Amino acid sequence: MAKRITITLPDEVAEALEKWAKEEARPMANLATFLIQKCIAEKQQNKQQDK
205 MAKRITITLP DEVAEALEKW AKEEARPMAN LATFLIQKCI AEKQQNKQQD K
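So the sequence shown is numbered by the numbering used here: it starts at 205 and just counts up by one.
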């Protein structure tokens, strides 16, 4: 099940995210979810490489 959260972004970050989402014809929330998932996967991969 998905969990809904609320975040506050600096104006320049929100504007960049909105522009990027429009370029890809996807909702901002969907793009933000994708980017967060990607960062988490990269962090976990880096953590495993450090062992």
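Even for Gly, the Cβ is constructed at its ideal location relative to N, Cα and C. Just so you know, these numbers come straight off a predicted model, no measurement behind them.
In the three-state reduction of the DSSP assignment, isoleucine 240 falls in the helix class, which pools H, G and I. Approximately 6 angstroms separates the beta-carbon atoms of tryptophan 224 and leucine 235; this is inside 8 angstroms, confirming the contact. DSSP places glutamate 222 inside the alpha helix (DSSP H), whose first and last residues are 215-227.
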